[in-house]
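So the sequences go chain by chain: A and B. The first sequence lines up with residues 2 to 112 when you count with my numbering. The second sequence lines up with residues 222 to 336 when you count with my numbering. We put the CB at the ideal spot given by N, CA and C, even for glycine.
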Amino acid sequence: LAKTTQPISMDSYEGQEVNITCSHNNIATNDYITWYQQFPSQGPRFIIQGYKTKVTNEVASLFIPADRKSSTLSLPRVSLSDTAVYYCLVGDPLAASKLTFGTGTRLQVTL
Amino acid sequence: DGGITQSPKYLFRKEGQNVTLSCEQNLNHDAMYWYRQDPGQGLRLIYYSQIVNDFQKGDIAEGYSVSREKKESFPLTVTSAQKNPTAFYLCASSTGQGKVWNEQYFGPGTRLTVT
């Protein structure tokens with residue numbers, strides 16, 4: 002599975018847009034990019050997944066440039082409840098059945 | 222309500238005792254997983270199972286054992302051979318097919334403390 006690099010932590014004020022970038026230089030052709038969110042003492046929750054260009058759902062947007070060596074999770078107008086750890090994962094869904102979670106990015110949202 | 226249940230939420234054991242953590246899902250998912258999370262760290266895969274009666278070791282399987290006799294259940298036993306068993310244990314499941322494989326559904330976790 003491709004190794005990923007994310008910032009350890011980020012701070013934001015409520016109402017701002019937050020962009021978390023993940024670097025995955027050795028991403029393979031068949032790999033998808035997936036983001037999870039985890040609150041303290043809970044299991045991670047799937048946020049969004051993409052392969053290329055842009056994906057948007059009701060929670061977030063995922064931007065993937067043409068070379069796919071990085072990706073950016075965009076959270077519009079964050080609130081205090083968005084304070085959590087965000088994990089970026091890269092893998093081929095047809096080649097393996099396990100995910101590798103790094104240490105993620107700890108997002109702290111304040112008033 | 223469909224989902225994954227883990228019990229108990231908190232578990233305390235004495236060193237040297239084996240303990241079994243329960244994980245049940247009613248999502249009709251083929252694949253199930255066990256992860257361990259230590260404070261401030263990411264998740265590390267212990268074991269995973271893609272189908273009934275079959276399972277594979279993850280990155281940190283030593284000191285753990287699992288069984289998959291039913292599609293709905295994937296219990297994890299923490300044996301006395303596990304040197305640092307105190308951790309937060311998370312069970313997950315997924316359809317195991319196509320890109321949806323990446324979408325794992327997690328249970329609420331069991332916090333195990335061994336003294």
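- Only residues of its own chain outside the window of five on either side were considered, and among them Tyr33, Ile34, Thr35, Trp36, Val56 and Leu63 have a CB closer than 8 Å to the CB of A/Gln50, listed in chain order.
- Per DSSP, reduced to three states, the secondary structure at A/Leu81 is helical.
- Secondary structure at A/Ile28: coil, using DSSP grouped into helix, strand and coil.
- For B/Ile272, the uninterrupted beta strand (DSSP E) run begins and ends at Leu264 to Ile272, by DSSP.
- In this structure, B/Ser270 keeps its C-beta atom at 8 Å or more from the C-beta atom of B/Arg257.
- Contact of B/Gly224 with chain A by beta-carbon distance below 9 Å is absent, the smallest such distance being about 11 Å.
- Across the structure, A/Asn27 and A/Lys70 are spaced so that their CA atoms are roughly 7 Å apart.
- For B/Asp251, the secondary structure class from DSSP, reduced to helix, strand or coil, is coil.
- In terms of Cα proximity to B/Val299, the closest of B/Ala308, B/Lys291, B/Lys292 and B/Asp280 is B/Ala308.
- For the region 41-64 of chain A, the beta-carbon criterion of a distance under 9 Å to any beta-carbon of chain B is satisfied by Ser42, Gln43, Gly44, Pro45, Arg46, Phe47, Gln50 and Tyr52.
- Per DSSP, the continuous beta strand (DSSP E) segment holding A/Thr57 begins and ends at Thr54 to Thr57.
- Take A/Asn20, set aside five residues on each side of it, and the residues of its chain with a beta-carbon closer than 6 Å to its own are Thr73 and Ser75, in chain order.
- Cβ contact annotation for A/Val86 (same chain, cutoff 6 Å, sequence separation greater than five): Gln39, Gly105 and Arg107, in chain order.
- Taking C-beta atoms as the reference points, B/Phe327 and A/Pro45 count as a pair closer than 8 Å.
- With respect to B/Met253, B/Gln262 sits apart: the two C-beta atoms are not nearer than 8 Å.
- In the three-state reduction of the DSSP assignment, B/Arg289 falls in the coil class.
- Here the alpha carbons of B/Asn274 and A/Gly103 stand approximately 29 Å from one another.
- Taking B/Gly279 as the centre and dropping the five residues before and after it, the same chain places the C-beta of Leu266, Ile267, Tyr268 and Tyr269 closer than 7 Å to its C-beta, in chain order.
- In this structure, the CA atom of A/Lys4 is about 22 Å from the CA atom of B/Ala313.
- At a cut-off of 8 Å between C-beta atoms, A/Tyr87 does not count as an interface residue with respect to chain B.
- The beta carbon of A/Val91 is closer than 6 Å to those of Ala3, Thr5, His25, Ile28, Asp32 and Ile34 in its chain, skipping five residues each way along the sequence.
- For A/Tyr52 and B/Leu242, the gap between their C-alpha atoms comes out near 36 Å.
- Per the C-alpha coordinates, the member of B/Pro260, B/Ile225 and B/Asp251 positioned closest to B/Thr334 is B/Pro260.
- In its chain, beyond the 5 residues on either side, Thr300, Ala302 and Gln303 have a beta carbon closer than 6 Å to the beta carbon of B/Gly284.
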